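Asker: Supplied in structure tokens, the structure appears directly below.
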Amino acid sequence: RKSIIRENEVDTVYLLAKELAYDVITGQTDNLAAALAKTSGKDIVQFAKAVGISHPSIDSKVCVTKRKQAGSGDFAKYGEETHNDAGSQSTVAVCGEKAGHSSNGSSTVQSLKDFVRETLKADGNRNWPTSREKSGNTNTKPQPNDNAKAVAKDLVQELNHDEKTIVAGLLAKTIEGGEVVEIRAVSSTSVMVNACYDLLSEGLGVVPYACVGLGGNFVGVVVGHITPKLAYRLKAGLSYQLSPEISAFAGGFYHRVVGDGVYDDLPAQLL
Numbered sequence: 085r086k087s088i089i090r091e092n093e094v095d096t097v098y099l100l101a102k103e104l105a106y107d108v109i110t111g112q113t114d115n116l117a118a119a120l121a122k123t124s125g126k127d128i129v130q131f132a133k134a135v136g137i138s139h140p141s142i143d144s145k146v147c148v149t150k151r152k153q154a155g156s157g158d159f160a161k162y163g164e165e166t167h168n169d170a171g172s173q174s175t176v177a178v179c180g181e182k183a184g185h186s187s188n189g190s191s192t193v194q195s196l197k198d199f200v201r202e203t204l205k206a207d208g209n210r211n212w213p214t215s216r217e218k219s220g221n222t223n224t225k226p227q228p229n230d231n232a233k234a235v236a237k238d239l240v241q242e243l244n245h246d247e248k249t250i251v252a253g254l255l256a257k258t259i260e261g262g263e264v265v266e267i268r269a270v271s272s273t274s275v276m277v278n279a280c281y282d283l284l285s286e287g288l289g290v291v292p293y294a295c296v297g298l299g300g301n302f303v304g305v306v307v308g309h310i311t312p313k314l315a316y317r318l319k320a321g322l323s324y325q326l327s328p329e330i331s332a333f334a335g336g337f338y339h340r341v342v343g344d345g346v347y348d349d350l351p352a353q354l355l
């Protein structure tokens with residue numbers, strides 16, 4: 085006996101996951117911080133500008149500056165170097181930092197767009213991934229990758245699921261070179277050669293049978309890309325002869341594709 089099975093599923097387009105996008109979606113703050121630290125400041129600036137232009141509500145949740153005391157005084161203001169102390173200054177070069185003084189800061193809260201404009205600058209060469217301080221600064225000392233860690237923390241902890249999805253797409257597009265692959269149909273063509281045996285045949289109208297099949301699966305995800313895989317099948321059931329020319333079968337089978345589960349690379353297109 086020989087059997088051929090074809091299965092087709094829905095059309096769709098997939099955005100291929102990259103490291104930064106994946107870490108945002110899965111909430112892996114430490115991994116995201118490490119990946120951001122390896123990203124150039126220029127790329128971070130492009131990402132932040134995209135967020136500010138297309139989704140200002142997300143911008144307002146990232147790198148939000150804070151007052152020294154909740155409810156009163158100035159917010160910390162962003163600058164090229166941190167000069168943030170209890171004596172007179174509230175200028176910071178660290179994402180989301182708190183003011184060291186109640187004055188000489190900003191009367192309004194600042195966020196990601198301000199951090200990029202005043203601290204990273206257009207070329208992103210300043211304060212990324214680690215902040216810098218002004219000589220004589222006594223508060224908010226620079227720590228390794230402090231800005232990368234602060235941005236990662238806000239992207240994971242301050243955004244809801246939908247906002248994280250948006251950010252992941254922007255990271256993929258502006259930094260990681262987003263790629264998409266169009267999948268119009270997923271097909272699996274199974275070609276098997278089966279050896280069957282009737283377990284009992286004498287004097288019975290209903291005959292149990294068993295089959296062993298060996299062949300292959302031809303898996304197609306994108307048109308023109310088919311991967312052959314070795315497969316086998318175990319089948320058992322009951323048969324009943326309705327007439328000399330017609331038999332009815334009822335049974336089940338176990339079908340397994342043998343191999344490492346790796347299929348041909350799919351043709352991806354850059355966004």
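First residue of the sequence shown? That's 85 in the working numbering, and the numbers climb one at a time after it. Yeah, the Cβ is synthetic: ideal placement off N, Cα and C, and Gly gets one too. Here the structure is a predicted model, which is why all the values come from computation and not from measurement.
What residue does the beta strand (DSSP E) around H139 start on, and which one ends it?
Answerer: Here H139 belongs to no beta strand (DSSP E), and DSSP marks it neither H nor E.
Asker: I need the boundaries of the beta strand (DSSP E) containing L207, first residue and last residue.
Answerer: At residue 207 the sequence reads Asp, which differs from the Leu that was named. Run containing D207: none; DSSP gives neither H nor E here.
Asker: Exposed or buried, what is L254 when buried is set at 16 or more other beta-carbons lying within 10 Å of its beta-carbon?
Answerer: By the 10 Å Cβ count, L254 comes out buried.
Asker: Taking the alpha-carbon of A118 as reference, which of C179, N229, T192 has the nearest alpha-carbon?
Answerer: The candidate whose alpha carbon is nearest that of A118 is N229.
Asker: With burial defined as no fewer than 16 other Cβ atoms inside 10 Å of the residue's Cβ, what is the status of P213: buried or exposed?
Answerer: Buried.
Asker: Would you check if the distance between the CB atom of D169 and the CB atom of T222 is smaller than 8 angstroms?
Answerer: In this structure, T222 lies closer than 8 angstroms to D169 by Cβ.
Asker: Let me confirm a value: G208 is counted as buried when at least 16 other C-beta atoms fall within 10 Å, else exposed. Which label applies?
Answerer: Buried, since its Cβ has 16 or more Cβ neighbours within 10 Å.
Asker: Under the three-state reduction of DSSP, which class applies to H309: helix, strand or coil?
Answerer: Residue state, collapsed to three classes: strand.
Asker: Starting from F302, follow its DSSP beta bridges and name the residues at the other end.
Answerer: Note: F302 sits in a beta bridge opposite T273, P312.
Asker: Suppose contacts are defined by Cβ-Cβ distances below 8 angstroms. Is V146 in contact with L239 by that definition?
Answerer: Yes. Within cutoff.
Asker: Go through its chain and collect everything with a Cβ distance to L284's Cβ below 7 angstroms, but skip five positions before and after it.
Answerer: For L284, where only same-chain residues beyond five positions count, the Cβ hits under 7 angstroms are V291, P292.
Asker: Is DSSP giving L116 helix, strand or coil here?
Answerer: Helix.
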